[in-house]
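Residue numbers (the working numbering): 384 to 634.
Comments concern the structure below.
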């Protein structure tokens with residue numbers, strides 16, 4: 384087995400592997416591969432030139448140091464339970480440490496994966512709380528903003544031990560979420576149904592009913608900094624204090 388960066392010819396196989404593992408739509412895959420994908424931030428395990436497992440990362444920063452957000456870690460169904468994912472993860476850890484990253488962060492999709500990553504040395508680090516709320520009056524004035532505007536305002540509201548997700552994260556955010564600012568608040572939302580899903584809300588949570596009124600939603604779930612649920616896991620590659628807040632998981 385060979386572990387390496389993918390070639391251009393292997394991209395269709397990577398897309399198929401992603402669809403098999405995560406069942407995402409062609410629309411989302413087109414968004415990802417056109418905005419956030421780079422072959423030098425992807426490693427794949429290859430057998431006879433065919434990718435059978437892969438992972439990707441985005442560049443982030445924590446306490447001024449570069450960290451890698453690993454996501455979309457997947458092994459083809461036909462090649463699972465052979466230790467391929469473990470070998471790929473071990474190689475990635477050594478490789479990214481050599482490149483100068485100070486730590487790795489990821490978000491497991493379920494408790495089974497959380498346990499698997501614990502065995503690889505990752506530890507629970509960041510947490511989130513969820514607020515479920517119904518619409519209330521009056522509507523709060525909201526303004527749609529660009530990803531760069533969101534990133535600039537976000538720095539003022541984040542808890543101190545937060546991971547900064549910028550760069551290609553911003554490009555993917557532009558296609559995945561609608562971004563708003565309002566009086567003392569900042570939020571990133573998905574608005575495809577009567578219920579609102581807010582993947583990040585920063586600011587005074589008392590404003591949430593007015594946000595729902597402004598967006599003409601009956602109810603919603605809002606993710607906020609808090610300690611209700613474990614979220615991201617952390618593996619230090621240097622002596623660096625673990626983060627306490629991480630928001631955007633693109634798996």
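Glycine included, each C-beta is placed from N, C-alpha and C at the ideal position.
Go ahead and label residue i buried or exposed: buried means 16 or more other beta carbons lie within 10 angstroms of its beta carbon, across all protein chains shown.
i	result
residue 395	exposed
residue 583	buried
residue 430	exposed
residue 600	buried
residue 495	exposed
residue 391	exposed
residue 337	Since the first residue shown for the chain is 384 and the last is 634, residue 337 is missing from the structure and cannot be characterised.
residue 520	exposed
residue 587	exposed
residue 610	exposed
residue 549	buried
residue 458	buried
residue 461	exposed
residue 327	The question about residue 327 has no answer, for the chain in this structure spans 384 to 634.
Please tell me whether residue i and residue j are closer than 8 Å, where the distance is taken between their beta carbons.
i	j	result
residue 525	residue 597	yes
residue 474	residue 400	no
residue 404	residue 490	no
residue 604	residue 515	yes
Ends of the alpha helix (DSSP H) at residue i?
i	result
residue 411	409-418
residue 592	591-597
residue 398	394-405
Just curious, the beta strand (DSSP E) that residue i is in, first and last residue?
i	result
residue 421	Taken as a continuous stretch (DSSP letters only), residue 421 belongs to no beta strand (DSSP E), as it is neither H nor E.
residue 429	425-430
residue 387	385-387
residue 575	Counting along the chain, residue 575 falls outside any beta strand (DSSP E), and DSSP gives it neither H nor E.
residue 454	448-458
residue 588	First-last for residue 588: undefined, no H or E at that position.
residue 465	Per DSSP, residue 465 belongs to no beta strand (DSSP E) and is neither H nor E.
residue 605	602-608
residue 438	433-445
Flag this pair as touching only if the stretch 502-513 and the stretch 619-629 have three or more C-beta atom pairs under 8 Å; answer yes or no. yes
In the stretch 472-539, which residue ranges form an unbroken beta strand (DSSP E) of at least 3 residues, counting only runs that do not cross its ends? 486-489 and 510-517
3-residue-minimum beta strand (DSSP E) runs that sit fully inside the stretch 535-572, ordered along the chain: The stretch 535-572 is shown to contain whole beta strand (DSSP E) runs of 3 or more residues at 546-548 and 561-565, in chain order.
Tell me, please, whether the stretch 539-549 touches the stretch 496-507 by the rule of three or more beta-carbon pairs shorter than 8 Å. no
At a cut of 8 Å, does the stretch 443-454 reach the stretch 564-580 through at least three beta carbon pairs? no
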